[in-house]
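Structure follows, in structure tokens:
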């Protein structure tokens with residue numbers, strides 16, 4: 001059985017009494033240099049789920065802050081919930097702005113920080129080289145799940161106030177609270193249109209820009 005050979009190279013001026021240390025210490029394996037290590041299974045999985053996981057967290061943060069402030073502003077208007085209102089239309093806008101800023105800040109280092117399916121589809125449509133269509137399903141699924149998670153946390157926090165607002169547990173009538181957790185196509189289309197205009201403005205200069 002052969003053993004690895006050890007070779008030491010000293011500088012020409014070195015001597016037994018010299019203070020200079022050895023310059024090179026090499027260990028040669030009989031089978032040659034060691035091949036590069038292949039990435040582990042976990043590192044491969046982490047690389048695949050990194051971007052969708054970031055979109056999940058960012059969307060959850062956006063919905064948590066935005067819908068949380070919306071619930072506070074609307075539910076506090078009912079005297080059965082509280083004696084005075086906490087929040088208004090301006091605070092709702094600030095809540096969504098803070099949620100959007102924090103969500104984008106958290107996700108940008110790991111994904112492209114879309115945190116909205118409309119932005120994801122717009123980017124894949126008008127910038128397929130920078131964001132290919134193969135990433136769209138994972139991004140959209142993660143964003144939907146993140147939105148549901150953020151809304152679930154808000155609902156769990158305000159469930160008692162929602163019951164008081166509607167007149168009791170299990171009562172669903174007017175005024176309703178479904179609008180606190182529902183969105184409509186108009187808002188998403190507005191975001192998509194804005195993303196399209198911003199992307200096109202980098203390619204051409206139209207008469208309306």
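Residue numbers (the UniProt record's numbering): 1 to 209.
Backbone N, C-alpha and C define an ideal beta-carbon position, used for all residues, glycine too.
Boundaries (first-last residue) of the alpha helix (DSSP H) holding residue 57: Following the DSSP letters along the chain, one finds residue 57 inside the alpha helix (DSSP H) bounded by residues 41-75.
DSSP-derived helix/strand/coil call for residue 239: The displayed coordinates of the chain run from 1 to 209. Any statement about residue 239 would go beyond what the structure contains.
As assigned by DSSP and simplified to three states, the class of residue 115: Residue 115 sits in coil when the DSSP states are folded into three classes, being neither helix nor strand.
Outcome for residue 122 when other beta-carbon atoms lying within 10 angstroms are tallied against a minimum of 16: Burial call: buried.
Proximity of residue 64 and residue 176 at Cβ, strictly below 8 Å: Contact flag unset, no.
Separation of residue 93 from residue 113, as counted between CA atoms: Taking the straight line from one Cα to the other gives about 20 Å.
With 16 other Cβ atoms within 10 Å as the buried cut-off, status of residue 72: The residue is buried, with at least 16 neighbouring Cβ atoms inside 10 Å.
Residue 110 (DSSP reduced to helix, strand or coil): Residue 110 falls in the coil class under three-state DSSP.
Unbroken alpha helix (DSSP H) run spanning residue 132, endpoints: Per DSSP, residue 132 belongs to no alpha helix (DSSP H) and is neither H nor E.
Residue burial classification, residue 79 (beta-carbon count within 10 angstroms, cutoff 16): So residue 79 counts as exposed.
Beta strand (DSSP E) runs contained entirely in the stretch 135-163, provided each spans 3 or more residues: For the stretch 135-163, not a single whole beta strand (DSSP E) run of length 3 or above is found.
C-alpha distance - residue 97 paired with residue 116, whole-angstrom precision: Here the alpha carbon of residue 97 sits roughly 14 Å from the alpha carbon of residue 116.
Nearest-angstrom Cα separation, counted from residue 102 out to residue 58: If you take the alpha carbons of residue 58 and residue 102, they lie about 8 Å apart.
Collapsed DSSP secondary structure at residue 169 in the structure displayed: Here residue 169 sits in coil by DSSP.
Three-state class that DSSP yields for residue 80 in the structure shown: Annotated three-state conformation of residue 80 is coil, per DSSP.
Distance between beta carbons of residue 61 and residue 99, contact taken as under 8 Å: Yes, residue 99 and residue 61 are in contact; Cβ-Cβ is about 6 Å, under 8 Å.
Selected residue, minimal CA-CA separation from residue 198, among 144, 160, 119: The option with the nearest alpha carbon to residue 198 is 119.
Selection from 111, 82, 128 that minimises the alpha carbon distance to residue 55: In this structure, 111 is the residue among 111, 82, 128 with its C-alpha nearest to the C-alpha of residue 55.
Short Cβ contact (8 Å threshold) for residue 179 with residue 173: Not in contact: residue 179 and residue 173 (Cβ atoms no closer than 8 Å).
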